[in-house]
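Accompanying notes for the structure given below.
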Amino acid sequence: MSFRTIGRLAVVGVLSAGLACAGAEQEAGEEAGAGVAVPDTTAAALWAHLEGAGYAANWTLWPDKGQLYQGTEPHGMLLTTYLNELALDALTNKAGTMPAGAIVVKENYMPDSALAAVTVMYKAAVGYNPEHNDWFFLKRLADGTVEASGRVAGCQGCHAGVAANDYLFTGSLSQ
Numbered sequence: 001m002s003f004r005t006i007g008r009l010a011v012v013g014v015l016s017a018g019l020a021c022a023g024a025e026q027e028a029g030e031e032a033g034a035g036v037a038v039p040d041t042t043a044a045a046l047w048a049h050l051e052g053a054g055y056a057a058n059w060t061l062w063p064d065k066g067q068l069y070q071g072t073e074p075h076g077m078l079l080t081t082y083l084n085e086l087a088l089d090a091l092t093n094k095a096g097t098m099p100a101g102a103i104v105v106k107e108n109y110m111p112d113s114a115l116a117a118v119t120v121m122y123k124a125a126v127g128y129n130p131e132h133n134d135w136f137f138l139k140r141l142a143d144g145t146v147e148a149s150g151r152v153a154g155c156q157g158c159h160a161g162v163a164a165n166d167y168l169f170t171g172s173l174s175q
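For the sequence shown, this note's numbering gives the first residue as 1, with consecutive numbering after it.
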């Protein structure tokens, strides 16, 4: 086989893999509703999705919270919380629960306003984690290290205290 043929096969393989990934994200987005593409339930896929969406520049801050509002442990003394469109709609409309595809990003800051970590709650597809309302949790340190992701016992245990509010502490999802 010639180098040219090998090169063409390599290009076809890369393009096929890229199309397969794009298709998988689109299918997940269709499940989430509103035509929103959502990531797979891995820390890498979720973080790539957040970076691609430019969450800090393009998503809405949690209403009435603003940037660097007072927080508590384990998240940090100062917090900034962002919502994707699905999460914002559910909160604004007091839907009672977040839909699949909803993402809440909480930047956790030290008292001197230095970023310590980013914690994320991602409402995965129905059936991902039914015992905990299908939430996927992620904690990524400021240096990029993933400290925890997935069905994190500590996150689930703490947030179970507000299970009636779909595991969210920051504000009410109902009337």
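For each residue, glycine too, the CB sits at the ideal point set by N, CA and C. In this text the structure is predicted, and so the values were computed from the model without any measurement.
Contacting residues, own chain, Cβ-Cβ under 6 Å from residue i (five flanking each side not counted)
i, result
"Gly96", "Leu173 and Ser174"
"Tyr167", "Asn133, Trp135 and His159"
"Val146", "Ala43 and Arg140"
Test item: CB-CB of residue i and residue j under 8 Å
i, j, result
"Lys106", "Thr72", "no"
"Met98", "Lys123", "yes"
"Trp47", "Leu83", "no"
"Pro63", "His49", "no"
Terminal residues of the beta strand (DSSP E) in which residue i lies
i, result
"Ala148", "Val146 to Gly150"
Same chain, Cβ closer than 8 Å to residue i, five either side skipped, listed in chain order
i, result
"Leu68", "Leu78, Leu79, Thr80, Tyr109 and Ser113"
Environment of residue i [buried if 16+ CB atoms lie within 10 Å]
i, result
"Val118", "buried"
"Lys139", "buried"
"Phe137", "buried"
"Gly76", "buried"
"Ala53", "buried"
Beta-carbon proximity list for residue i, same chain, < 7 Å, skipping 5 on both sides
i, result
"Leu115", "Glu107, Tyr109 and Ala142"
Contact belief for residue i with residue j at Cβ below 8 Å, rounded distance in angstroms
i, j, result
"Gly144", "Thr41", "Contact doesn't hold; Cβ gap of about 19 Å is too wide."
"Ala102", "Ala87", "4 Å"
"Gly171", "Leu61", "With 8 Å as the limit, Gly171 and Leu61 do not qualify as a contact, their Cβ atoms being about 12 Å apart."
Enclosing alpha helix (DSSP H) for residue i [first to last residue]
i, result
"Thr92", "Glu85 to Thr92"
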